[in-house]
Each structure stands twice: as C-alpha cells, then as structure tokens.
DNA sequence: GCACAACCTGACCGCGCGGTCCGCTTCGGT
DNA sequence: ACCGAAGCGGACCGCGCGGTCAGGTTGTGC
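Chains as they are written, first to last, in UniProt numbering: chain C, 1 to 200; chain B, 1 to 200.
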C-alpha cells in the first residue's frame, strides 16, 4: 500500500513540475522542481524513474484533459461549434506553457501512456471532424489528424512575440479555423498524413 | 585586415553550425560544431563571442534570406500569389530545421542584428499584405505582422509527427492561407498585435 | 625570405546537470 | 506503544557543457 505522505508528495511534485515547465521551458533542472515542491531531490526519482518520465506523465495528463473535453463535445448539438471549442481548448492548453507541449511531444513519444493518449485524441478528433463535416461546417478534405496537428499552430504563432499578450492565440486560431471552412477551400497540394505516421 | 584562412574558417563554422542545428536541434555542443567544421574548439570562440551570438548570426541570415525574397516578390504583378509565395518560402525555411527558428527567435531577441532583420521582415510583410489586400486576395483584417507570426504555424504543425514527411507542411500552409482569404472571413475575436510587441 | 601579428589548437577550468545511495525519519497496522 | 517497512533527504558521482588561455603555427606586407 502507498503511504499518505507519498501520494501528497507526488501531487506536489507534479504541480511544481507543471508550473516550472510552464514558466521556464522544459530545461528546468530536477533540483529546481524538487525545491519548488518543497521536497528533496531524491524524492523526485522515487516517484519518477527519470526526468523524461516525469515529463511524459505531465504531458499525458494534458492530453487526457483534451480527450475528455473532446468526448463531451462529441455529443454537442452543434458540431461546428463543438469542433471550434475543441480546438480552442486544445490551443489554450498549449498556450498555457510557453513551449512545453511540442517539445514534450517530441521527447516522450516512446512512452506507452503518451502513445495511448495520443491514439485516443486522434479518435475523438476524428469523430468531431466527421460530425462537423456532415453538418457542412468544415471542408471535405480535412481530417481529424489535421485538426490535431493544427492545434499547435495557433499557439506557436504567438511565440515570436516578446511581451505576454494573453489570448492573442485566439486571433490566430480564428484564422486557422476560417481556413477549415468550406467557403474558402481550395484543393490541397498534399494528401493528409496517415494515422500510422502520428501514432508512430 | 583579416586573414584568408580566418574567413574560410568562419564560413566553415557557419555551415557546420547550420547543418548541426538543423539535424539535432539547438542544444548541440560547441565541441560538436567545431569538430564538424574540422577546426578546434577555440576557433569557434575567436569568431563568435558566445554560443548565443553564433546562433543569432545564423538566425539573422535566415531572416535576411526571407526579407530578400519578400522584396523581390513585392514587385510581382499578382499580389495574392506573391503573398502565398512569400509565406511558402518563409515556412520552408523553418521546416528545413526541425525546431531551430522559434527557439532561436526566443534566445536571440536582444541581439542587434536580429532586431533589425526582424524589423525589415515586418516592413516587407506589410507591403505584401497591403498589396494583396488591395487586390482582394486576402481579408481586410489581416496585417503584415499576422502573416509573419503565421509563418511558424504550418511548419510547427508537422512537428508532432514521428516520421519525416517532407512537404507535408505545404498542406497546412495551404489551409492557413485559405483562412486568410476573404471568402471565409469571420470577425476576429482579438485585435492585431502592435509592431512594438514584435520588435520588442 | 623575414618578422610579426593574426590565428589556431586542445588541454584545462568551474559549473550544474541527471541520477545514485545510504542513513535517518515517519507512517500505519497491531 | 512499538516496530518494520516505506518514504525521505541531500551529499555524492561522473559527465559534458560553455568558455579560457598559453604556446605553437601560418598567412602576409615589406
């Protein structure tokens, strides 16, 4: 059985790591995370075998957060609005941390928990896009995977700016979403990526 | 006056660093760059005071490359196509290196040469967008700065994919560009960022 | 061809990292 | 109250980093 203080410390560590990653990027040291959580360095490695695993754990949590939102939205009466909301939540998650998510994605692709979360994310995105397409809210040639990949786009756009401009990503998400509408659609020059390329 | 072998070595170093950054991200060691260039480690620091400065130099070169293309395209007879071409070149430059540009942008913002290059880039983007807008090729509420920021978007989208899928960014650039067209335009929720926020 | 300055080299430095380990502390069942 | 085990802390390790420097080398003006 797990001791009470152990689960409390694990929680403290996850929170501290999340905050620290968000503020200072993903090259923060374990020492720093530990001290922010108010525990010793060794405690970190008791809970997470390696730094990469800690990162994967946090990243996986983020993905599940988005998956849950997606599953809820899949029941919405307005599929077009639901897809936009899904993308808004996804972009917002990435915008919270300066550049955590995409690096985390690159680093922890091999981790099993991340893999399955990604798979579930792709599933729910497929559903949302399919429904939105049936409702005529998005163009025919866009896939769920497209939407997942585009999630990083808007949050990334803001990164070259110096000052913090909270919510500016909403501007670029709106533009990206307008590009998904049928009205402006032009034939796409490249076919959509396959699921295998995403799941890796 | 500068010796001949010195300028040759400087060239070798820039090339090696560029290649290495592109292949392995921006946390490659100076030692590695030096050995790839076939020179000693000390030589690197003779030409560039610090690692960050070397990075800024390369990044500035990239920016100037894009600025030059933009200035050429500003004379094009078809402003809409010119803007698309400009964005294609800009995205392609960023897609060449896995994730070099945005990190470089964050790191070397204070460097003077980068600052002026960014300014020139914003200038030429303004011209291109203004012409495209006058021709009715893009929506009214998009600015040159918007376009510059969106350059990272498409190249970023592809980053979560495992395998190399060369040219896939073209798909997402096309979608983003479709979002800039007047046909699908919806009112944007957030005003455009100011020039000062970019020049920083 | 000579002299000298510019240049190159690689051993070296201090540092902070991820990760380990062992002696001590504290929780929890009885 | 007590005891074993689970948890904790932080000194410690090896490593590779960015950056320095003394001493040998090489291009260049005369």
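The beta-carbon is built from N, C-alpha and C at its ideal position, and this holds for glycine as well.
What is the rounded straight-line gap between the Cα of residue 13(C) and the Cα of residue 137(C)? Rounded to whole angstroms, residue 13(C) to residue 137(C) spans 42 Å at the Cα level.
Going by other Cβ atoms of all chains shown within 10 Å of its Cβ, with 16 needed for buried, is residue 154(B) buried or exposed? Its Cβ being crowded by 16 or more others within 10 Å, residue 154(B) is buried.
Out of 5(C), 194(C), 90(C) and 182(C), state which residue places its alpha-carbon closest to the alpha-carbon of residue 163(B). Residue nearest to residue 163(B) within the set 5(C), 194(C), 90(C) and 182(C) is 194(C) (criterion: CA-CA distance).
Three-pair Cβ contact test at 8 Å for the stretch 125-136 of chain B versus the stretch 114-129 of chain C: No: the two stretches stay apart, fewer than three of their Cβ pairs being nearer than 8 Å.
Interface flag, residue 26(B) vs chain C, CB-CB below 7 Å: Chain C, which has no Cβ nearer than 7 Å to the Cβ of residue 26(B), makes this no.
Looking at C-beta atoms only, is the number of pairs between the stretch 180-198 of chain B and the stretch 88-95 of chain B that lie closer than 8 Å three or more? Judged by Cβ distances under 8 Å, the stretch 180-198 of chain B makes no contact with the stretch 88-95 of chain B, as fewer than three pairs qualify.
For residue 200(C) and chain B, any beta-carbon pair shorter than 7 Å? The beta carbon of residue 200(C) falls within 7 Å of a beta carbon belonging to chain B, placing the residue at that interface.
My output table needs one value for residue 152(B): the three-state DSSP class, helix, strand or coil. In the displayed model, residue 152(B) falls within a helix according to three-state DSSP.
Could you pull out every residue in the same chain whose Cβ sits closer than 7 Å to the Cβ of residue 61(B), ignoring the five residues on either side in sequence? Once the five neighbours on either side are set aside, residue 61(B) has no close Cβ partner at all.
To the nearest angstrom, report how far apart residue 111(C) and residue 50(C) are at their CA atoms. Here the alpha carbon of residue 111(C) sits roughly 12 Å from the alpha carbon of residue 50(C).
How should residue 23(C) be labelled, buried or exposed, when 16 other C-beta atoms within 10 angstroms of its C-beta is the threshold for buried? Residue 23(C) comes out exposed.
Quick check for students: name the residue ranges of the alpha helix (DSSP H) that lie wholly in the stretch 100-140 of chain C, counting only runs of 4 or more. Annotation: the stretch 100-140 of chain C contains the following complete segments of the alpha helix (DSSP H) (minimum length 4 residues), in chain order: 100-107 and 112-134.
Which term fits residue 46(C), buried or exposed, when burial requires 16 or more other beta carbons within 10 angstroms of its beta carbon? Note on residue 46(C): under 16 other CB atoms within 10 angstroms of its CB, so exposed under the neighbour-count rule.
Provide the residue span of the alpha helix (DSSP H) that contains residue 96(C), from first to last. Counting along the chain, the unbroken alpha helix (DSSP H) around residue 96(C) starts and ends at 79-96.
With a cut-off of 7 Å, does the C-beta of residue 150(C) fall near any C-beta of chain B? Residue 150(C) counts as touching chain B.
Which chain B residues are close to residue 14(C), counting only those with a beta carbon under 8 Å from its beta carbon? Under the 8 Å cutoff, chain B gives no residues; its nearest Cβ is about 23 Å from residue 14(C).
Mind checking which residues open and close the alpha helix (DSSP H) that includes residue 1(B)? Residue 1(B) -> no alpha helix (DSSP H), and no H or E assigned at all.
Is residue 160(B) close to chain C, meaning its C-beta is less than 7 Å from at least one C-beta of that chain? Judged by the 7 Å Cβ criterion, residue 160(B) is in contact with chain C.
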